[in-house]
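According to the numbering used here, the sequence shown holds residues 11 to 382 in order. Presented below is the structure to which this report refers.
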Amino acid sequence: GASASGAGASAFGRRRRRRRLASVSASKASKASGAGWARSLDDKLRAKSTTTRKLPAQEEAARRLASGIGATICVRTVLAPLERVKIEYLLNRSALKPEALVRSIFTKEGLGGFWKGNLLNLARTAPYKAINFCAFDTYRGFVIKAFPEGSDGRKIGTLCAGAGAGVTAVLTCFPMDVLRTRLLTTGGKAKYGSLIQCVKTMYTQEGLSTFYRGITPALVSMAPNAAVYYTIYDGLKHRRMAQLDEELRVRIAATKDTRERAKLEREYPSKTVEASNMMLFGALAGVASEASTYPFEVIRRRMQMQGGRSSASMVFGREALRRMTVTLRSIVRKQGVRGLYAGLGPSCIQVLPSASLGFFSYEMFKLLFQVD
């Protein structure tokens with residue numbers, strides 16, 4: 011009886027070991043299968059994120075330019091009153107408080123006074139912003155192809171792409187900025203009349219190079235300004251998009267329903283970030299870039315107001331830098347260091363909505379025109 015009992019116990023122990031081994035093997039197989047499925051999903055999503063319809067280079071650039079123009083027209087028209095107040099402080103050196111200045115403009119010129127020069131401003135900023143946005147996306151495309159994600163080369167390249175975009179836009183559109191500055195200052199309209207007459211008068215009396223008067227401080231300020239602006243926005247945007255992609259990947263992996271999973275996979279990768287974050291990132295980038303280079307903005311405006319004959323040496327090179335230094339010393343001597351930040355408050359108030367709405371509008375127009 012004892013022998014039969016021992017044999018039964020031994021057989022029971024063998025059965026338990028076999029079941030345990032089978033369970034472990036099944037668990038390992040399940041994990042391997044799960045890991046294999048996860049790798050398959052990752053490979054599928056990664057392939058999808060890199061497989062996008064490639065537009066011809068010229069069509070891609072045209073769509074980006076159209077997106078930039080549409081975004082600028084919308085935003086600048088909405089924010090024209092703030093731009094007018096800023097000009098009054100910066101060029102006409104108004105000593106009135108903001109609310110008193112607003113009342114003064116309304117009393118003298120009516121409601122339309124807040125949009126004075128807006129068409130000229132659009133003629134200047136629409137191509138400027140369009141070229142700026144388009145150039146950055148184009149230069150950044152070269153950087154993305156040349157350097158891997160997360161590398162120092164990618165970060166430095168993005169910084170250079172921003173600076174290059176700013177310089178490209180300044181060189182292309184600077185004459186319109188000079189004309190706008192001349193016409194918007196006190197007495198400018200009476201002195202020059204229409205835009206065409208202003209061009210004729212300035213060319214006859216001051217020469218062709220006067221349309222680039224003040225471009226040296228503009229280039230000196232725009233390179234770091236655009237570099238800060240685009241680097242901060244692009245960094246924040248792509249960091250958030252990576253988070254959204256990871257959240258979406260987890261949701262896809264956890265979804266059992268085939269139809270729902272297919273729907274989620276169509277949304278991968280994320281095309282853009284949430285509207286609220288888009289505007290927040292644009293505002294942060296705009297204020298940071300504006301505050302860091304604002305003194306150059308003041309110097310540029312003052313140099314644009316200087317009359318007299320102009321020459322190429324006064325616009326570019328050593329003489330231009332000397333005149334820039336003289337203007338800087340003059341401002342500091344007459345108004346102190348605070349003079350270099352005249353109008354910074356209204357400018358930042360303007361930049362907050364301008365930068366946030368600008369990027370938001372540009373991203374929306376890019377989605378409309380189906381361009382990256």
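For every residue, glycine included, the Cβ atom is placed at its ideal position computed from N, Cα and C. Computed from a prediction, not measured in an experiment: that's the story for all the values here.
Shown here for Cys358: same chain residues with a beta carbon closer than 8 Å to its own, the five before and five after excluded, namely Val297, Glu300 and Ala301 in chain order.
With contact defined as three or more Cβ pairs closer than 8 Å, the segment 67-76 and the segment 122-130 are not in contact.
Its Cα nearest to that of Gln68, the residue Thr148 stands out among Thr148, Arg190 and Thr214. Boundaries of the alpha helix (DSSP H) harbouring Asp162: Asp162 to Leu194, taken from the DSSP string. Arg339 counts as exposed, since fewer than 16 other C-beta atoms from the protein chains shown sit within 10 angstroms of its C-beta. A direct Cα-Cα distance of roughly 13 Å separates Cys208 from Gly197. Taking C-beta separations shorter than 6 Å and ignoring five residues to either side along the sequence, the partners of Trp125 in its chain run Ala90, following chain order. Rounded to whole angstroms, the gap between the alpha carbons of Phe221 and Val180 is 12 Å. Straight through space, the alpha carbons of Arg311 and Met212 are spaced by roughly 16 Å. Around the CB of Lys64, fewer than 16 other CB atoms lie within 10 Å, so the residue is classed as exposed.
Using a C-beta cut-off of 8 Å, the segment 271-278 makes no contact with the segment 344-354, since fewer than three inter-stretch Cβ pairs fall below that distance. Residue Gly160 holds the alpha-carbon nearest to the alpha-carbon of Gly245 among Gly160, Phe306, Ile262 and Ile309.
Counting C-beta pairs closer than 8 Å gives fewer than three between the segment 328-337 and the segment 256-272, which falls short of the contact rule. Taking the Cα of Ser366 as reference, the smallest distance to any Cα among Leu294, Asp187 and Thr178 is reached at Leu294.
For the pair Glu307 and Ser231, the CB atoms are nearer than the 8 Å cut-off. For the segment 116-165, the full-length alpha helix (DSSP H) segments reaching 4 residues or more read 128-156 along the chain. Where Pro234 is concerned, the enclosing alpha helix (DSSP H) starts and stops at Ile225 to Ala264. For Val153, same chain residues with a beta-carbon under 7 Å away, outside a window of 5 residues either side, are Arg164, Gly167, Thr168 and Ala171 in chain order. By the neighbour-count criterion, in which 16 or more other beta carbons inside 10 Å mark a residue as buried, Gln380 falls on the exposed side.
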